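K.L.:
For the sequence shown, the residue numbers in my numbering are 253 to 540.
Glycine residues also receive a C-beta, built at the ideal position from the N, C-alpha and C atoms.
Nothing here was measured: the structure is a model prediction, and the numbers come from that model.
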Amino acid sequence: MAQIMDYMISSQPLRMIDLTVDPAKLSVRSLVIRNVGYLPGRTHYRQGAVFQYWAIVYIAGGSGTYRVDHGEAQQVTAGSLFLFQPGFHYDYGPDPGGYWDEYYFTIEGTRYREWLEHWPILPNTVMHPGEDASSQNRIDRIFALMDSGTPADADRSALTLESLLYDWVQSCQSSPAAQGKTARLAQLLEALSGTLHEPFDAAAFAERHHWALSTLRRTVSEYTGFALHEYVHRLKMAEAKNRLLNTEQTVKEIAAALGYGDVFYFSRLFKKITGEAPQLFRRNMRSK
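1) Return the chain-ordered ranges of every beta strand (DSSP E) run that is complete within the segment 350 to 435 and spans a minimum of 3 residues.
2) Return the chain-ordered ranges of every alpha helix (DSSP H) run that is complete within the segment 429 to 472 and spans a minimum of 4 residues.
3) Quick check: the Cα distance between T329 and C424, rounded to an integer number of angstroms?
4) Which whole-angstrom value describes the C-beta separation of V484 and L444, a residue pair presumed to lie in contact below a C-beta threshold of 8 angstroms?
5) My guess is that I391 and S409 are in contact by the Cβ rule of under 8 angstroms, so how many angstroms apart are they, rounded?
6) Can you grab the Cα-Cα spacing for the pair T402 / T272, in whole Å?
7) What is the DSSP secondary structure of A508, reduced to helix, strand or coil?
8) Buried or exposed for M260, please, with buried defined as at least 16 other CB atoms from any protein chain shown within 10 angstroms of its CB.
9) Could you tell me whether the segment 303 to 316 touches the segment 339 to 359, using the rule of 3 or more Cβ pairs below 8 angstroms?
10) Scan the segment 480 to 524 and note each continuous alpha helix (DSSP H) run of 4 residues or more that stays entirely inside, going in chain order.
11) Could you check the C-alpha separation between E354 and S262 for me, to the nearest Å?
12) Would D453 be called buried (16 or more neighbouring beta carbons within 10 Å of its own) or exposed?
13) Using DSSP bridges, identify the partner residues of L266.
14) List the endpoints of the continuous beta strand (DSSP E) containing P530.
15) I'd like to check one pair, Y342 with R319: are the Cβ atoms closer than 8 angstroms?
16) Looking only at its own chain, which residues have a Cβ that is under 7 angstroms from the Cβ of S386, when we skip the five neighbours before and after it?
17) Could you tell me the boundaries of the beta strand (DSSP E) in which L333 lies?
18) Run through the DSSP bridge pairs and tell me what A276 is partnered with.
19) Between E482, L532, Y297 and L510, which has its C-alpha nearest N389's C-alpha?
20) Nearest to D399 by alpha carbon, out of W367, S466, R535 and R267?
21) Looking at the structure shown, is Y318 part of a helix, part of a strand, or coil, going by DSSP?
22) Does the beta-carbon of S466 have 16 or more other beta-carbons within 10 angstroms, so that it is buried, or is it exposed?
23) If you draw a straight line from the alpha carbon of G345 to that of G513, how long is it in whole angstroms?
24) Taking 8 angstroms as the cut-off, decide whether the C-beta atoms of H370 and S332 are in contact.
25) Roughly how many angstroms lie between the CA atoms of S282 and L413, to the nearest whole one?
26) Taking a contact to mean a Cβ-Cβ separation below 8 angstroms, would you say G349 touches A438 in this structure?
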């Protein structure tokens with residue numbers, strides 16, 4: 253994954269990954285991700301942008317506006333989703349003096365036609381699926397799959413993106429009852445994210461947040477696809493990757509900061525989940 257600095261866009265490192273395999277080797281031809289990017293702390297407001305390809309944009313933090321063909325400015329907040337399509341002019345970005353954290357996915361293929369025909373999707377309207385840890389996990393998985401550089405993983409990244417977009421669009425159409433359930437689930441996942449810096453005690457967590465332990469385990473498993481403890485470990489490993497890339501903390505310091513008293517256990521978990529030992533991950537990512 254390339255990390256670059258562009259102070260016109262943000263004061264923080266930008267992460268971008270291009271498709272590196274021959275599209276002719278892909279099994280999924282109707283939806284191909286050309287590139288993905290993460291622009292944390294974006295401050296640049298772009299005017300009159302015209303795009304050659306379709307793009308899906310998700311805002312994970314901050315706020316701003318999005319405007320199509322000089323029409324009315326639409327508000328963008330954390331958890332907002334919007335699209336770019338060829339043939340339109342876009343003005344978009346954070347408010348003056350503000351920022352937003354942007355993920356974008358540039359795509360090509362014919363799959364989007366079925367989305368427009370059969371999905372409740374609004375191509376020139378800001379949608380608000382909201383924020384949750386599951387979405388972030390799937391975004392991280394798309395980036396990891398794109399970064400692997402194999403045709404099979406490029407196919408998997410496209411299918412993961414379509415699944416994520418489907419869930420985002422459907423969440424915007426939820427009934428009030430479903431929205432209430434989604435809100436409670438979002439609160440649960442946010443609370444789990446708040447356990448990153450302490451040893452995780454499932455029973456104590458369930459009692460503190462008024463969940464039956466069995467219900468807590470079943471809910472997390474059904475929604476994320478992972479058992480409760482594995483899900484928490486994966487949240488911690490995502491934060492560990494962030495610290496390995498963006499700080500000079502030692503592996504032992506990172507392990508302690510994430511509630512692991514045994515650095516060897518932490519390192520084994522990290523390798524099991526990411527495929528690389530912590531120091532190797534840091535060295536390989538920083539050399540790109």
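P.N.:
From the atom records:
1) 352 to 360
2) 454 to 460
3) 14 angstroms
4) 6 angstroms
5) Going by Cβ atoms, the distance from I391 to S409 rounds to 11 angstroms, so no, they are not a contact pair.
6) Take the alpha-carbon of T402 and the one of T272: they are about 8 angstroms apart.
7) helix
8) exposed
9) Yes: the two stretches touch, three or more of their Cβ pairs being nearer than 8 angstroms.
10) Correct list: 480 to 498 and 503 to 509.
11) 11 angstroms
12) Its Cβ having fewer than 16 others within 10 Å, D453 is exposed.
13) I256
14) Premise fails: P530 lies in the alpha helix (DSSP H), P530 to R538, not in any beta strand (DSSP E).
15) yes
16) Excluding positions up to five away in sequence, the list reads L441, Y475 and T476.
17) S332 to F336
18) A276 is not bridged to any residue.
19) E482
20) R267
21) strand
22) exposed
23) Taking the straight line from one Cα to the other gives about 42 angstroms.
24) no
25) 13 angstroms
26) No, these two residues do not count as a Cβ contact at 8 angstroms.
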